[in-house]
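J.: Below is a structure I'd like to ask you about.
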Amino acid sequence: MARPAPAAAIALPLAAQRDWAARLPFPIELGPYRLDIELRPSATMLDRRRLSCVNLEAHRIELRQDLGGLRLVDALLDSLIRLCHASRGCQQGCVEEAYTHSFATGLVEFAQRNPRAWLWFNLLLSEHLPGDLRYDRVVRRCLRRAPSTPKRILVRGHPVTVRLLSRSETGNAFGWYDQGRHEVQLYQGLDGRNLPVVAVHEITHAVHHVYGLDDGDQHRNFVRAQRQGWLGIMRNNPSAWRWLAWTMSAPHAEQLSLL
13 MARPAPAAAI ALPLAAQRDW AARLPFPIEL GPYRLDIELR PSATMLDRRR LSCVNLEAHR
73 IELRQDLGGL RLVDALLDSL IRLCHASRGC QQGCVEEAYT HSFATGLVEF AQRNPRAWLW
133 FNLLLSEHLP GDLRYDRVVR RCLRRAPSTP KRILVRGHPV TVRLLSRSET GNAFGWYDQG
193 RHEVQLYQGL DGRNLPVVAV HEITHAVHHV YGLDDGDQHR NFVRAQRQGW LGIMRNNPSA
253 WRWLAWTMSA PHAEQLSLL
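Here my numbering is used: the first residue of the sequence shown is 13, the next is one more, and so on.
Shown next, in the form of structure tokens:
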């Protein structure tokens with residue numbers, strides 16, 4: 013993706029030129045925060061050692077300007093995960109369930125409150141992953157029929173099955189993750205905005221399980237596992253990601269189906 017040239021750079025003071033960044037033409041809103049996304053030289057980033065930074069004081073997400081392809085996707089996802097947890101007060105000392113719900117609600121909120129950024133993110137995936145994926149068509153809901161619920165998802169090479177349950181089987185719960193069976197279980201009547209939140213929540217439990225995380229693990233381990241695990245899901249499970257992206261993009265109810 014081409015980086016726009018700075019307008020009237022010659023007229024800028026020297027200090028402003030040194031602090032110049034390519035700002036993408038849309039901000040991100042999550043929780044109480046509204047942040048610009050900027051491609052910046054590493055020397056001008058909040059932490060020059062990192063590929064991405066969430067700079068709350070400057071109201072921006074900083075991505076190193078030399079990134080491209082999946083490295084750019086990876087860096088943006090890392091910042092989004094950190095922003096999800098920051099906006100929900102999820103920090104060192106929180107239990108695994110809190111990290112799971114913080115990520116799930118944050119990712120769905122990002123998709124639904126930021127349609128342009130969500131489309132850009134999925135365009136990057138489509139451009140830099142093999143195959144004719146066209147995730148942008150999924151996000152824009154240009155498909156003739158809704159993608160079907162996946163029956164299996166690979167998480168770090170481990171197969172995780174997805175099973176739909178009746179109300180009598182789920183009781184008062186909307187979903188479960190069965191560690192013994194490596195199985196995500198979802199109430200078959202899920203719809204609307206509750207559907208993607210529960211689906212992402214239970215799949216994230218599977219990610220944590222595969223990465224060996226539980227209550228008491230360090231904050232950075234949860235962030236790393238969520239970034240690596242979910243980027244792997246996007247890369248290795250195109251049909252599953254099409255379904256998830258579709259449900260997260262839906263402004264109205266979408267019924268679960270295994271067609």
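Don't be surprised by glycine CBs; every beta carbon is placed ideally from N, CA and C.
How long is the line joining the alpha carbons of Ser-99 and Arg-168, rounded to whole angstroms?
T.: If you take the alpha carbons of Ser-99 and Arg-168, they lie about 28 Å apart.
J.: Which residue marks the beginning of the beta strand (DSSP E) containing Arg-76, and which one marks its end?
T.: That run of the beta strand (DSSP E) goes 72 to 76.
J.: In chain order, which beta strand (DSSP E) runs of at least 3 residues are fully inside the stretch 108 to 171?
T.: Those beta strand (DSSP E) runs which fall completely within the stretch 108 to 171 and span 3+ residues are 164 to 167.
J.: Whose C-beta lies closer than 6 Å to the C-beta of Phe-115 among residues of the same chain, with five residues either side of it excluded?
T.: The residues are Cys-96, Thr-216, Gln-238.
J.: Candidates Phe-38, Arg-236, Asn-249: which alpha carbon is nearest Phe-133's?
T.: Nearest of Phe-38, Arg-236, Asn-249 to Phe-133, Cα basis: Phe-38.
J.: If the criterion is Cβ atoms closer than 8 Å, does the pair Val-172 and Leu-198 meet it?
T.: No, they are not a contact pair.
J.: How many Å lie between Val-219 and His-194 at the Cα?
T.: Cα-Cα distance, rounded: 10 Å.
J.: Counting only the same chain and skipping the five closest in sequence on each side, list residues whose C-beta sits under 6 Å from that of Leu-136.
T.: Counting only Cβ-Cβ distances below 6 Å, and skipping sequence neighbours, we find Val-85.
J.: Go ahead and pull the three-state DSSP assignment for Gly-187.
T.: Of the three classes helix, strand and coil, the one that applies to Gly-187 here is strand, per DSSP.
J.: Give me the Cα-Cα distance between Leu-36 and Gly-241, rounded to the nearest whole angstrom.
T.: Going by the C-alpha atoms only, they are around 26 Å apart.
J.: Tell me whether Ser-157 is buried or exposed, calling it buried when 16 or more other Cβ atoms sit within 10 Å of its Cβ.
T.: According to the sequence as given, residue 157 is Arg; it is not Ser. Exposed: under 16 other Cβ atoms inside 10 Å.
J.: With the cut-off set at 8 Å, would you say Arg-152 and Leu-131 are in Cβ contact?
T.: Closer than 8 Å, so yes.
J.: Check each candidate in Ala-110, Arg-149, Glu-41 and name the one with the smallest Cα separation from Ser-261.
T.: Looking at the Cα atoms, Arg-149 is the closest of the given residues.
J.: Contact check, Ser-213 vs Gln-191 under 8 Å by CB: the rounded distance?
T.: Residue 213 is actually His in this sequence, not Ser. 15 Å between Cβ atoms; not a contact.
J.: Residues bridged to Leu-42 by DSSP?
T.: Leu-42 pairs with Tyr-45.
J.: Could you work out which residue in Gly-224, Thr-259, Arg-62 is closest to Leu-88 when comparing CA atoms only?
T.: The shortest Cα separation from Leu-88 among Gly-224, Thr-259, Arg-62 belongs to Arg-62.
J.: How would you label Pro-208, buried or exposed, when you count the other beta carbons within 10 angstroms and need 16 or more for buried?
T.: When all chains shown are included, Pro-208 counts as buried.
J.: What would DSSP say about Asn-248, mapped onto helix, strand or coil?
T.: In this structure, Asn-248 counts as helix in the three-state DSSP scheme.
J.: Taking C-beta to C-beta, are Gly-118 and Leu-58 nearer than 8 Å?
T.: For Gly-118 and Leu-58, no; Cβs fall outside 8 Å.
J.: Give every residue of the same chain whose Cβ lies closer than 8 Å to the Cβ of Leu-270, excluding the five residues on either side of it in the sequence, and list them in chain order.
T.: Residue confidence for Leu-270 is low, a pLDDT of 43 falling below 50, so the modelled location carries little weight; the figure read from the coordinates is stated next. Correct list, in chain order: Ser-160, Thr-161, Lys-163, Leu-176.
J.: Do you know how far the Cα of Phe-186 is from the Cα of Leu-202?
T.: Straight-line Cα distance between these residues: approximately 7 Å.
J.: Grouping DSSP H, G and I as helix and E and B as strand, with all else coil, what is Arg-11?
T.: The structure shown does not extend to residue 11, since the chain spans only 13 to 271, so no value can be given for it.
J.: Three Cβ pairs or more, each shorter than 8 Å: is that satisfied between the stretch 75 to 84 and the stretch 103 to 115?
T.: Contact fails: fewer than three Cβ-Cβ distances are below 8 Å.
J.: Return helix, strand or coil for Ala-34, following the three-state DSSP convention.
T.: Residue state, collapsed to three classes: strand.
J.: Less than 8 Å between the CB atoms is what I'm expecting for Asp-48 and Arg-72, so what's the real figure, rounded?
T.: Indeed they touch by this definition, with Cβ atoms about 5 Å apart.
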